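**Q** Sending over a structure as structure tokens; questions will come in a sec.
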Amino acid sequence: MAGTDEDAYARRLEALQGARWKQLLDVQRPYRWNVRRLFAGRSHVLDVGCGIGRNLAHLGPVAVGVDHNAESIALARAQGLRAWTTGEWASCPDAVPGRYDGLLLAHVLEHLSQVDADAVVRTYLPYLAPDARLVAICPQERGYASDATHVRFLDLDALATAARSWGFAPRRRFSFPLPRFAGRAFTYNEFVLVADRG
């Protein structure tokens, strides 16, 4: 399995997301609705680990993405999305301290040790507004097992602990789109944590 920074990983995401049946059935509809409602009223959302831009597309012009995979960023930009590599971020025009009132970490933390996750998140904290909202999303059991690049399983308690360590107060936690028990069989069931800064 390719590492998450390799071209092959970006192409895998593209193939999974672009499957014809997924387009015909609009399987992203509930996830699109969910991420939009969680950031409703937010004017600038930073999507860290944006991949090929699925959530950037869901959120529209309020969102800017950053990812360490250059091929993923190229694919996101090809869709007309605003996205930067981690190497470009510090000098790009979107890297404005205090600008972002939303931070999205969707399917990122399970790829990182806690030490690495702390380092990644702390890199972007200066770009967040004092009242920023954090939304952290991780796969449940079946989804976790579906990707060999996953290194640790995070449930809602682990996500809440991490959020607190970064200065966010957990407000909501839930299973989506199906109840918690479905996560053992349904690949796309997710843990969702919503936390606010300050």
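Heads up, the sequence shown stops at 202 in the numbering used here, and the numbers go up one at a time, no gaps.
We put the beta carbon where it would ideally sit given N, CA and C, even for glycine.
None of these values were measured; they are calculated from a predicted model.
Under DSSP, the alpha helix (DSSP H) around Val39 begins and ends at which residues?
**A** The continuous alpha helix (DSSP H) containing Val39 extends over residues Arg33 to Leu42.
**Q** Out of Gln32, Phe195, Trp37 and Asp9, which one is the CA nearest neighbour of Arg146?
**A** Phe195
**Q** Quick check on DSSP: helix, strand or coil for Phe190?
**A** coil
**Q** Name the two residues that bound the continuous beta strand (DSSP E) containing Val139.
**A** Leu132 to Pro143
**Q** Check this for me: beta carbons of Asp105 and Arg126, under 8 Å apart or not?
**A** Contact annotation: Asp105 and Arg126 have beta-carbon atoms that are not nearer than 8 Å.
**Q** Quick check on this structure: which residue in Leu108, Leu116 and Cys142 has the alpha carbon closest to the alpha carbon of Tyr128?
**A** Closest option to Tyr128, judged by alpha-carbon separation, among Leu108, Leu116 and Cys142: Leu108.
**Q** Pull up the CB-CB distance for Phe172 and Arg201, whole angstroms please, since I reckon it's below 8 Å.
**A** 5 Å
**Q** Reducing DSSP to helix, strand and coil, say where Val125 ends up.
**A** helix
**Q** Of the choices Val100, Val198, Cys96 and Arg58, whose alpha-carbon is the least far from that of Val139?
**A** Val198
**Q** From which residue to which residue does the alpha helix (DSSP H) around Thr165 run?
**A** First-last of the alpha helix (DSSP H) with Thr165: Leu160 to Ser169.
**Q** Near Ala121, what residues of its chain come up, given a Cβ to Cβ distance below 6 Å and the 5 sequence neighbours on each side ignored?
**A** Counting only Cβ-Cβ distances below 6 Å, and skipping sequence neighbours, we find Leu113.
**Q** Just to confirm before moving on: does the CB-CB distance between Leu60 and Asp51 stay below 8 Å?
**A** yes
**Q** Which one or two residues does DSSP pair with Ala199 in a beta bridge?
**A** Leu138 and Pro174
**Q** Excluding the five sequence neighbours on either side, which residues of its own chain have a C-beta within less than 7 Å of the C-beta of Pro143, listed in chain order?
**A** His111, Glu114 and Glu194
**Q** Kindly indicate which three-state DSSP category Asp71 falls into: helix, strand or coil?
**A** strand
**Q** Which word fits Trp88, buried or exposed, when buried means at least 16 other C-beta atoms lie within 10 angstroms of its C-beta?
**A** buried
**Q** Among residues of its own chain, excluding the 5 on either side of Gly102, which ones have a beta-carbon nearer than 8 Å to its beta-carbon?
**A** Only Pro130, Tyr131, Leu132, Ala133 and Pro134 meet the Cβ criterion.
**Q** Looking at the unbroken alpha helix (DSSP H) that takes in Arg91, where does it start and where does it end?
**A** The sequence given here has Gly at residue 91, not Arg. In the DSSP assignment, Gly91 falls within the unbroken alpha helix (DSSP H) covering Thr90 to Trp93.
**Q** Just verifying my parser: in three-state terms, what is the DSSP assignment at Gly2?
**A** Residue numbering for the chain in the displayed model covers 5 to 202; residue 2 lies beyond these limits and cannot be assessed.
**Q** Can you give the Cα-Cα distance for Ser2 and Phe157, rounded to whole angstroms?
**A** As displayed, the chain neither begins before 5 nor continues past 202, which places residue 2 out of reach and without an answer.
**Q** Here's the rule: buried if 16 or more other CB atoms are within 10 angstroms of the residue's CB, otherwise exposed. What is Pro174?
**A** buried
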